[in-house]
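The block underneath contains the structure these notes are about, expressed in structure tokens.
Protein chains in written order, with our numbering: chain A, 1 to 245; chain B, 1 to 291.
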């Protein structure tokens, strides 16, 4: 074979190879986007994670940290623990949060409740929730942190379960409600601050309503799904396989 | 064959073959791009969509969300009936929205108009939300709005009332001479109005005492007793036992709210800017009598 012939054939093979590679990539993208996010096969999972890591670094790390551990001084949650504010923490749940955000400016964003500011005349802008006194707040903190004397903790329990209305959102057992994004107050994981008495006072007296932006539009379906898979993998290092329900 | 590959000399068959190959390749690339580029009108439903209605996509992510909201299932957990029901509902919605635009529903229907206004406002604000403020942004905002980032201010004050100015004056003199409160109250016939008790936030004390009496109370230090206050129901003495006025909160304590407020202010600024731009762009004519 003449060198020229060989060169031509080589070029053709290269083109065909590149085409096949591109086709394969696109096919993986297509299947990744079309699959049920909660039961992603291993090859799609492996395809998604590096892509998601890239998107995360570009768009999410500024708030959630490069390692995904959040920033409790600004009320940004860690995505590395399995404690979820919203939903069951499946890839599908996470994807919906990323797409529409939390208390973000769009009709589909998750915005069911805010933490009232109990040391103000009108703790909630939307609900008729009465304010508390400094003593009430101190009692309720004693109840939550199991500090103070039995008397104050008992008073705190009454405020929690009755006049303060805390039970309505956080549940009678204070374990929160992932259906509406209300945090568990019985675990050691805190969204805002370090779980100290002062930090709890800061939230209960002055309220809290964290915002996660909506990414649908900024990110396409492929990047959204890949990021959701990556975020899920942060708290589930052993995955795939995913059927987590 | 050897002629075909003898590139130094012209060969008609080779020219046509290469031309043909080029044409086929070009058509292939064009066709591929046409059928797969996002937003193109094709007969194919893109992988990120579950349907297409007059070339407008019905998105898969919304379909997933609907299944989760209505039935609490993921797409594979859903039964075929559930999937069909959600899909049909979404297609119906898209068709009706498109028809609504054709009929200019927003021209007349107040609910549609309000929804559109709100959607546009949200879209303007949403663009700014992906941006995280820098620490410098936040600290500047915190300093400019220091008055917003104060502790609450609390007081423990008792509001006593006497029937006559003489009784109030007598009680005031006794209390300032450090006579015990209970015996003084009994001696001069003072009653506790119960308007305030225990430690209260300033806002609550203001509500309970009323603006005028709160203004007096605010100036009292612990251990102080107010001058007699003549009111319709008698002569009042305010006895202050603790008064902690608001103090500035450290930046670290206020930070989370500074972020929220900064973002809100930033959104409002953007909204205003876009409004000005849209207004400038619009051709607005105003009736003579209203100019």
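The beta-carbon is built from N, C-alpha and C at its ideal position, and this holds for glycine as well.
Values in this document were obtained by computation on a predicted structure and should not be read as measured data.
Coarse secondary structure for residue i, derived from DSSP in three states
i	result
residue 271(B)	helix
residue 208(A)	strand
residue 134(B)	coil
residue 219(B)	coil
residue 102(A)	strand
residue 127(A)	coil
residue 203(A)	helix
residue 284(B)	coil
residue 53(B)	strand
residue 241(B)	strand
residue 9(B)	coil
residue 71(A)	strand
residue 187(A)	coil
residue 110(A)	strand
residue 294(B)	Lying outside 1 to 291, the shown extent of chain B, residue 294(B) is not represented and no answer is given.
residue 177(B)	coil
residue 44(B)	coil
residue 235(A)	helix
residue 266(B)	helix
residue 69(B)	helix
Sequence-distant residues of its chain with Cβ nearer than 8 Å to residue i (five each side left out)
i	result
residue 225(B)	172, 175, 176, 237, 238, 239 and 240
residue 113(A)	169, 180, 181 and 182
residue 137(B)	262
Separation of residue j from residue i, as counted between CA atoms
i	j	result
residue 43(A)	residue 106(B)	47 Å
residue 131(A)	residue 164(A)	8 Å
residue 191(A)	residue 72(A)	6 Å
residue 234(A)	residue 104(B)	48 Å
residue 90(A)	residue 14(A)	41 Å
residue 79(B)	residue 85(A)	28 Å
residue 164(B)	residue 193(B)	15 Å
residue 243(B)	residue 172(A)	35 Å
residue 158(A)	residue 270(B)	45 Å
residue 198(A)	residue 153(A)	17 Å
residue 76(A)	residue 47(A)	28 Å
residue 255(B)	residue 116(A)	17 Å
residue 214(A)	residue 155(A)	41 Å
residue 119(B)	residue 142(A)	44 Å
residue 146(A)	residue 138(A)	12 Å
residue 242(A)	residue 93(B)	Reliability fails at residue 242(A), whose pLDDT of 47 lies under 50, so the model's placement of it is uncertain and the value that follows must be treated cautiously. So the two alpha carbons sit approximately 33 Å from each other.
residue 245(B)	residue 120(A)	15 Å
residue 77(B)	residue 65(B)	13 Å
residue 9(A)	residue 19(A)	15 Å
residue 51(A)	residue 2(A)	43 Å
residue 236(A)	residue 223(A)	19 Å
Per DSSP, the bridge partner or partners of residue i
i	result
residue 236(B)	161(B) and 229(B)
residue 201(B)	154(B)
residue 192(B)	160(B)
residue 248(B)	150(B)
residue 219(A)	216(A)
residue 59(B)	49(B)
residue 177(A)	182(A)
residue 22(A)	Note: residue 22(A) sits in no beta bridge, so no partner.
residue 115(A)	208(A)
residue 76(A)	71(A)
Neighbourhood of residue i by C-beta distance below 6 Å, restricted to the same chain and skipping five residues each side
i	result
residue 149(A)	none
residue 145(B)	none
residue 37(A)	91, 92 and 95
residue 216(A)	99
residue 68(A)	79, 80 and 234
residue 133(B)	262
Cut-off 7 Å between Cβ atoms - residues of its own chain near residue i, not counting five sequence neighbours on either side
i	result
residue 251(B)	139 and 142
residue 331(B)	This structure cannot settle anything about residue 331(B), because the visible part of chain B is limited to 1 through 291.
### Message
Against chain A, which members of the segment 202-215 of chain B pass a CB distance test of less than 9 Å?
### Response
Taking 9 Å as the Cβ-Cβ cut-off against chain A, the residues of the segment 202-215 of chain B that qualify are 203, 204, 206 and 207.
### Message
What are the residues in the segment 1-29 of chain B lying within 8 Å of chain A by C-beta distance?
### Response
Listed by position along the chain: 5 and 7.
### Message
Closer than 7 Å between beta carbons: that is the criterion. Which residues of the segment 131-143 of chain A meet it against chain B?
### Response
Contact annotation: in the segment 131-143 of chain A, residues whose CB is within less than 7 Å of a CB in chain B are 131, 133, 134 and 135.
### Task
Residues of the segment 66-85 of chain B with a CB closer than 8 Å to any CB of chain A: list them in chain order, please.
Per Cβ criterion, the list reads 68, 74, 75, 76 and 77.
#### Entry: Residues, ordered as in the chain, of the segment 35-58 of chain A that lie near chain B by beta-carbon distance below 9 Å
Close to chain B, meaning a Cβ-Cβ distance shorter than 9 Å, are the following residues of the segment 35-58 of chain A: 35, 36, 37, 38 and 39.
### Message
Under 7 Å, CB to CB, which of the residues in the segment 238-255 of chain B have a partner in chain A?
### Response
So the list reads 252, 253 and 255, given in the order they occur along the chain.
### Query
Just by C-beta distance, which residues in the segment 180-201 of chain A are closer than 7 Å to chain B?
Interface annotation for the segment 180-201 of chain A against chain B: 192, criterion Cβ-Cβ distance under 7 Å.
### Task
With 8 Å as the limit, tell me which residues of the segment 126-146 of chain B have their beta carbon closer than that to any beta carbon of chain A; keep them in chain order.
For the segment 126-146 of chain B, which is checked against every Cβ of chain A, the residues closer than 8 Å are 126, 129, 130 and 132.
### Task
Please name the residues in the segment 180-203 of chain B whose beta-carbon is closer than 9 Å to at least one beta-carbon of chain A, in chain order.
Per Cβ criterion, the list reads 198, 199, 200, 201 and 203.
### Task
Could you please tell me which residues of the segment 101-112 of chain B, in chain order, have their CB closer than 7 Å to any CB of chain A?
Residues: none.
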